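For reference, the structure discussed in these notes is given below.
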Amino acid sequence: MKTHKHSEDILARNRRYIPGGISSINRLADPVIAFERGQGAHLWDAEGNEYIDYHGAFAPQFMGFHQPEISAAVAGVIQSGEDLFGSGPTELEGQLAETVCTHIPWVEQFAVFCSGSEATQQSIRLARAATGRDHIIVMQGGYNGWHNDVACNLMTPLSVVGPRVSPGEYPFLPISAGIPKQHQALVHPVNYNDLDSVRYVCERYPVAAILTEPILQNVGLIKPQPGYLEGLRSLADEFGALLIFDEVKTGFRHAFGGYAEISGVSPDLAVYGKAIASGYPLGAIGGRKKWMEFFIHPDPKKRVLLAGTYNGHPVPMMAAIKTLEILQRDGGAVYRHIERLGQQMESGINDALKDAEIPALMVRQGSAFVLYFMDHAPVDWHDLAAHHDFEFDNAFRREMIQAGIYFFPLATKQCSISTAHTAEDIERTVQAVGTTLKSMSLQQTRH
Ligand SMILES: Cc1ncc(COP(=O)(O)O)c(C=O)c1O
């Protein structure tokens, strides 16, 4: 039985000076584990236990920890004398932007920030400036960051959000205190996969932007139904709103051009983060020039403030440049490799589920997957919240951690395979899933 006394002591000590003892409250989970080292697909905790990791730090670690070429490129920048100068342009920011714009056809211009939240915040401002409207549509069950426009309606208990409403909208249910009421009134959460509700809101309010993750990846993986993303595109065009894809989790991970490339639906703006810079802090917006140029609009009343002391810092720039270079090698060999690993995981887990006779299924997109303990793949948050066995999922994850496999211990959180995982890692994981599910199934039968 793994215990985490040292990790708990670290948290207790931190609590004296840090609220909650941790710099992002989303990282607080049961069990408390302080990790000390990561290499490739493996992690070591403060007690010295080793794990095969599928958390990937909430998904940026698409290349695994300390990918040698990326570490060397970053070390090279630090040694070169390049630093944050905060005056004038840099070649690195230009090189990164050129790479993205050259390889994603509908991205004509690109702007960088330090996190996904900053990028979604700025994308909404661009949409408001471009349309002269204030209202936005977001998805119940989506996550787009921590700022006032979007910190709402994530894993809302059904007792709070109420039954599914369609066509219609949900109240803004903040996941943070301190969001002004006037602000909340401008944000309209609707069901994912529900075009009627998007139309309903567009007919009633002047909507600046429809903002969605193309796949909801903060409640596992809820995929768009056929025609849904195309339908959002048409509604945005019909009502003169901007379609913004939040590709912070899907971008560069599922394809170089993100889920927009896979679906063939081009948004007006896409927001990137996470996998683009392999764990270094970076958020970005890519999109059509006519929208991006609101950052430099000649009329100061229409210009969106593009500013940030750390924007374009050479370390994340170099991490991203190297990451994108690796992703493009050999005609995208990385994506073929990761798809093979994903398929191996999927077929192994499906066999394990059959064997253990557990009513569950695996949903996967490339390297990202989740197990839903219910009898069908959910189509929206209400479906998931009503049918998924959250208690079983939490217990399953804790058992997997005991078996040395790190699935983040919070029900429905997506698992991420990295390019550093090997077929042997996957095989060991599948075996652990099988053993764990069988013993949990036996315990259930006994009760
Ligand atoms: C889809 C999505 N958008 C935006 C964000 C916010 O990004 P960051 O945590 O870098 O601010 C996240 C973070 O998990 C995310 O998953």
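Going by numbering that gives the first Met the number 0, the sequence shown opens with residue 0, and the numbers climb by one from there.
Note that beta-carbon positions come from the ideal geometry of N, C-alpha and C, so glycine has one too.
Bear in mind the structure is a predicted one, so any value in this text is a computation, not a measurement.
- Per the Cβ contact rule, the region 417–426 is in contact with the region 58–65 (3 or more Cβ pairs under 8 Å).
- For L326, the uninterrupted alpha helix (DSSP H) segment begins and ends at P313 to Q327.
- Within the same chain, I209, L231, R232, A235, P266 and D267 come within 7 Å of L242 by CB-CB distance, once the 5 residues on both sides are set aside.
- For W43, the enclosing beta strand (DSSP E) starts and ends at H41 to D44.
- Near ligand 1, meaning a beta-carbon closer than 6 Å to one of its heavy atoms, we find F57, S114, G115, S116, T119, Y142, N143, G144, E212, N217, D245, V247, K248, G272 and G282.
- Distance check between H5 and each of E46, G20, G19 and A40 places E46 closest, using alpha-carbon atoms only.
- V111: not part of any alpha helix (DSSP H); member of the beta strand (DSSP E) spanning Q108 to F112, first to last residue.
- DSSP places E168 in the coil class of the three-state scheme, outside both helix and strand.
- By the 16-neighbour rule on beta-carbons within 10 angstroms, A385 is exposed.
- With a threshold of 16 other beta carbon atoms within 10 Å, H134 meets it and is buried.
- Y16 counts as exposed, since fewer than 16 other beta carbons sit within 10 angstroms of its beta carbon.
- When rounded, the separation of the alpha-carbon atoms in H102 and L323 is 10 Å.
- DSSP, read as helix, strand or coil, puts G285 in strand.
- DSSP, reduced to helix, strand and coil, places Q38 within a strand of the structure shown.
- Of E35, E107, S114 and H336, the smallest CA-CA separation from V247 is found for S114.
- Within the same chain, Cβ atoms closer than 6 Å to the Cβ of F171 are found at C151, Q183 and V186, the five residues on either side in sequence being excluded.
- T435 carries a helical assignment under DSSP once its states are collapsed to helix, strand and coil.
- The beta carbons of F407 and F391 sit about 16 Å from each other, so the pair does not count as a contact at 8 Å.
- Annotation: the continuous beta strand (DSSP E) that includes Y50 extends over E49 to D52.
- By the 16-neighbour rule on beta-carbons within 10 angstroms, N25 is exposed.
- Here M399 really is in contact with T435; their C-beta atoms are around 6 Å apart, less than 8 Å.
- Under the DSSP definition of a beta bridge, H187 partners with I136.
- For the pair K321 and V73, the CB atoms are nearer than the 9 Å cut-off.
- In the DSSP annotation of this structure, the continuous segment of the beta strand (DSSP E) that includes D245 starts and ends at L241 to D245.
- In the displayed model, L409 falls within coil according to three-state DSSP, outside both helix and strand.
- Remark: C-beta atoms of A367 and H296 do not approach each other more closely than 9 Å.
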